[in-house]
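In our numbering, the protein residues as written are 4 to 313.
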């Protein structure tokens with residue numbers, strides 16, 4: 004026990020500091036459990052981005068098969084699995100590189116006589132990576148004129164047809180749009196990272212322009228594809244439906260903590276034309292599936308959510 008007033012004050016100060024630290028820990032854990040989930044670190048974990056730092060640990064598999072070691076005289080050699088490498092590359096384009104002896108060196112080291120080719124042998128197979136690149140294509144079209152009509156005083160001219168661009172009055176081509184969509188929606192690479200990659204490849208294009216391209220393509224082209232998929236889906240006799248909540252940041256007129264919903268309409272497993280249709284909606288009301296399924300006369304497999312009862 005403290006003997007003096009000074010020692011009592013010191014002990015009280017230490018206890019107060021300990022209480023503050025414990026309170027901060029409680030507040031932090033409370034925010035983690037019940038607070039908003041839009042912090043950068045949390046969102047990175049949700050998107051799997053933190054695996055950039057622990058990929059080796061997360062991908063490790065203690066049960067993965069390793070080639071057995073076969074004891075050979077004086078050393079150990081890995082057992083070869085015939086055809087494994089060939090299976091890996093069988094669908095890739097292939098080319099042949101033939102290594103030759105320079106013509107100036109095609110003389111015998113023993114007698115100096117001329118040497119002639121008598122055969123060639125296989126050495127190894129390797130896979131080459133060809134980085135993405137940009138190429139500028141200028142489109143021109145020809146103009147034709149009927150000289151007979153011209154002589155008759157009724158000139159007639161015709162221009163060759165030109166394919167419509169995916170986005171009017173832009174640099175976008177079908178291949179650049181396809182790559183943009185693949186990177187963002189299949190590989191999960193955000194536009195700001197694609198912006199840096201494209202700049203490194205020689206094209207300084209802003210992410211705002213990329214976003215405009217995506218919106219235009221979805222509106223003018225892909226919306227028709229989505230509509231056709233919906234038609235095919237509603238022809239099927241059985242459907243699966245489910246919904247899950249999502250949070251959209253910076254959505255006009257709504258708080259970042261507001262719950263929105265992704266509705267998923269899916270074919271059954273043995274369907275000949277399988278379709279998975281994702282539809283974003285701001286709520287969970289039954290009016291959303293009712294509008295999507297308007298005119299549908301088949302059977303639906305869902306959970307017990309009352310919104311499906313109409």
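All C-beta atoms, glycine included, are put in the ideal place defined by N, C-alpha and C.
Source: prediction; values computed, not measured.
Residue span of the alpha helix (DSSP H) that contains residue 88, given as start and end: That run of the alpha helix (DSSP H) goes 87 to 92.
One or two residues paired with residue 257 in a DSSP bridge: Residue 257 pairs with nothing; no bridge assigned.
Bridge partners - residue 265, DSSP secondary structure assignment: 247 and 283
Residue 171 in three-state terms, based on DSSP: coil
Spatial neighbours of residue 303 in its chain, beta-carbon cut-off 6 Å, leaving aside the 5 residues before and after: 242 and 244
Any 3 or more C-beta pairs closer than 8 Å across the stretch 183 to 203 and the stretch 139 to 146: no
Limits of the alpha helix (DSSP H) - the one that residue 118 falls within: Note, residue 118: premise wrong, no alpha helix (DSSP H); not H, not E.
Which of helix, strand or coil DSSP assigns to residue 129: It is coil, neither helix nor strand.
Range of the contiguous alpha helix (DSSP H) that encloses residue 227: Counting along the chain, the alpha helix (DSSP H) containing residue 227 begins and ends at 226 to 237.
Contacts around residue 48, its chain only, beta-carbon distance under 8 Å, and the 5 residues preceding and following it disregarded: A caution first: residue 48 carries a pLDDT of 45, below 50, which makes its placement in the model too unreliable to give a value.
Neighbourhood of residue 220 by C-beta, 6 Å cutoff - its chain only, sequence neighbours within 5 removed: Same-chain partners within the cutoff: 169 and 180.
As assigned by DSSP and simplified to three states, the class of residue 206: coil
Selected residue, minimal CA-CA separation from residue 174, among 309, 114 and 207: For residue 174, the closest of 309, 114 and 207 by C-alpha to C-alpha distance is 207.
Which listed residue (280, 297 and 28) has its alpha carbon closest to that of residue 228: 280
Where residue 339 sits in the DSSP three-state scheme: For residue 339 there is no data in the structure shown, the boundaries of the chain being 4 and 313.
Inter-stretch contact (C-beta, 8 Å, three-pair minimum) for the stretch 233 to 242 and the stretch 251 to 271: yes
Option nearest residue 237 by Cα separation, candidates 218, 296 and 188: 296
C-beta contact flag for residue 135 and residue 204 at 9 Å: yes
Residue 221 in three-state terms, based on DSSP: helix
Best match in 130, 164, 277 and 121 for proximity to residue 93 [C-alpha to C-alpha]: 130
Expected contact under 8 Å - CB spacing of residue 263 and residue 283 to nearest Å: 7 Å
Beta-bridge partners of residue 179, as assigned by DSSP: Bridge partners of residue 179: none, in fact.
Candidates 103, 197, 210 and 23, of which the one nearest residue 125 by Cα: 103
When 246, 232, 305 and 253 are compared against residue 277, the one with the closest alpha-carbon: When the alpha-carbon of residue 277 is set against those of 246, 232, 305 and 253, the nearest one is in 232.
In DSSP terms, what residue 102 is bridged to: Its beta-bridge partners do not exist; DSSP assigns none.
Through-space distance from residue 17 to residue 23, alpha-carbon basis: Rounded to whole angstroms, residue 23 and residue 17 show a C-alpha spacing of 10 Å.
Host alpha helix (DSSP H) of residue 15 (start-end): 8 to 37
Nearest-angstrom beta carbon gap, residue 198 and residue 209 [assumed within contact, 8 Å]: At roughly 7 Å, the Cβ-Cβ gap stays under 8 Å, so residue 209 and residue 198 are in contact.
Residue environment, residue 171, which counts as buried when at least 16 other CB atoms sit within 10 Å: exposed
Three-state secondary structure (DSSP) of residue 162: strand
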